[in-house]
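One structure below.
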Amino acid sequence: MTYKYNSELSNDDSKLQDFIFWKRKEQFALLMENLANDSIDMEEFQIGFSLLWWESMDEDATFTRDPKRVKNFQLNPKAYGFCSLVTAVFRQFEVLEDEECTEQEVKNYVRDILQEIQPYL
Amino acid sequence: MKFSKSILIFLFCSSVSGAFFYALHRTNGNVSKSVLFTLYFLAIKMGLIAPNVPLKLDHHQPTQQLLSRVVYNPYVSVFDDYHTSGLYMDKIQRPVSQDSLPSHSESVINELRAGDSRLTEAAWLLITIWMLQQQSVGFQPVRQAPPPPHRQLFGGTLNTPRNNYFSKSSQPGASLQMAKPSAMPHQEYTSLTKEQRRNLPDPRDGFINEEGHPNLVARYGQVNFKTPDHGKVHGLTTNENGKTPKNEKNALALRDSIVNMPKRKNIVWFDNGMYQGGTERGYDSVNIFDKDTNTIAVFRKDENEEYNQLTTTCRLTKTEREYLFNSSGNFVTDNNLNNPEVFSILNNLTNKETDK
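In order, the protein sequence lines correspond to chains A and B. Just so you know, we're using the numbering used here here: the first sequence kicks off at 1 and counts up by one. Just so you know, we're using the numbering used here here: the second sequence kicks off at 1001 and counts up by one.
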């Protein structure tokens, strides 16, 4: 089952987070393409993707701590839902860690998400 | 510890010098033979050679007795005038019958076999063994495991008896990795899943006993397993690959961070929460959530256990957080938030709220 953005759970906080992740959309997409094309293996993908995900999370945490910046921030509708899409991939790593899925299943999942994020690019 | 070592060193030195002077006396001052005898003595003591070497120091009283092993025996030997407790040399070959030995020869043989100092020797050995058992293993100090915070830690619960696989003698030391408990049958251990093995009791487990909430445990094996990919969730340092090095220090730091979560300011308890509720991977859980850092710790509920066991800890996105609170504690990760069944749970909760 592929992921589809659910606007019911979206609020201003999550939209801000979407934007911070969306700023790195090319990097996320490139990593996913490389995995889909077998240019990199699962371990390399996992390392690169996790570093990027955490970098975005840390930036969001820093940003959220500054009320002035949050207040002046202009939401960008193009980014809505992007964080959830890449996080959906990131969460698969734990499923893989717990040996509840295979690397191939993760790769197939990434291919599906790659289709989902095309409108964001 | 230092006192014990000093006594051991003193006994060792006195034993060696005693051997030398004894040999010196027996060989009428022949230093080279005495040194040789002392070296033999040392080698036997250190276990470098088997002590079944005939002692041929005394030319006046050559004996061919072979000493193969030293055995503690409380009984009196038929050959010697042993006391009711002491040591005797097993497998003694005596070419000369007891009857044919003159009383003088017998006393000399006894002397050669350290018969006169047998009690001293026994005392020396007993003291050494006692000290080794009491305070050290191979002269290395043993780190005592911290006592479990609950009396039923290694023995199940009041209502759910469990085999005490970690007897006092089999508790793994702090430097050991997770291994099969010595008291657990091999077949039983191999039948466990990897997750079950990670959740076997360990002296390094961390416990949460908060009044008014279910009891929780962060098993060391599970925490150690989660350390590389989840250490960062709790602020542990990472390497160039973004992973927290998997070692005992980091695992304990992660354990402590999880165990101390209830002491933080903005903590929310979901005593009747779920993990991935509405999906195939879903189960009931106790969830602790830190609102300041968006960090969650998930403890799988198990009616047969007194302590609910940690399964994972994560940093939530804003969307996941939103769903967690809207669903009264169902932590569903982003990859499952489009699952219709996940949302049916949310809708049911919303309908119940509306009915009220």
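Glycine residues also receive a C-beta, built at the ideal position from the N, C-alpha and C atoms.
- For the options 1011(B), 1218(B), 1016(B) and 1206(B), the alpha carbon positioned closest to that of residue 1126(B) is the one of 1011(B).
- Per DSSP, reduced to three states, the secondary structure at residue 1220(B) is helical.
- Residue-level contact check: residue 17(A) touches chain B, since one or more beta carbons of chain B fall below 7 Å from its beta carbon.
- Nearest to residue 1262(B) by alpha-carbon distance, out of 1246(B), 1213(B), 1282(B) and 1219(B), is 1213(B).
- Pairing residue 18(A) with residue 83(A) gives a Cβ-Cβ distance under 7 Å.
- Against chain A, the beta carbon of residue 1232(B) has neighbours under 8 Å at 54, listed in chain order.
- Here DSSP, grouped into helix, strand and coil, assigns residue 1255(B) to helix.
- Under the three-state reduction of DSSP, residue 95(A) is assigned to helix.
- Listed along chain B, the residues sitting closer than 7 Å to residue 57(A) by beta-carbon distance are 1315.
- Closest in C-alpha terms to residue 1329(B), from the list 1306(B), 1307(B), 1284(B) and 1033(B), comes 1284(B).
- Ranked by how close their Cα comes to the Cα of residue 1233(B), the residues 43(A), 50(A) and 24(A) have 50(A) in first place.
- In the structure shown, the three-state DSSP call for residue 109(A) is helix.
- Around the beta carbon of residue 1309(B), a 10 Å sphere encloses 16 or more other beta carbons of the protein chains shown; the residue is thus reported as buried.
- Bounds of the beta strand (DSSP E) holding residue 1310(B) are 1308 to 1315.
- For the region 1222 to 1282 of chain B, the continuous alpha helix (DSSP H) assignments of 4+ residues that do not extend past its boundaries occur at 1248 to 1259, in sequence order.
- Assignment of residue 1332(B) by DSSP, reduced to helix, strand and coil, places it in the coil class.
- At a cut-off of 7 Å between beta-carbon atoms, residue 13(A) makes contact with chain B.
- Residue pairing of residue 1300(B) in beta bridges, as defined by DSSP: 1285(B) and 1309(B).
- Under the Cβ distance rule, residue 91(A) counts among the residues neighbouring chain B, one pair being separated by less than 7 Å.
- DSSP places residue 64(A) within a helical segment (H, G or I) once states are collapsed to three.
- At least one CB of chain B lies nearer than 7 Å to the CB of residue 51(A).
- Under DSSP, residue 1290(B) forms a beta bridge with 1267(B) and 1295(B).
- Under the three-state reduction of DSSP, residue 73(A) is assigned to coil, being neither helix nor strand.
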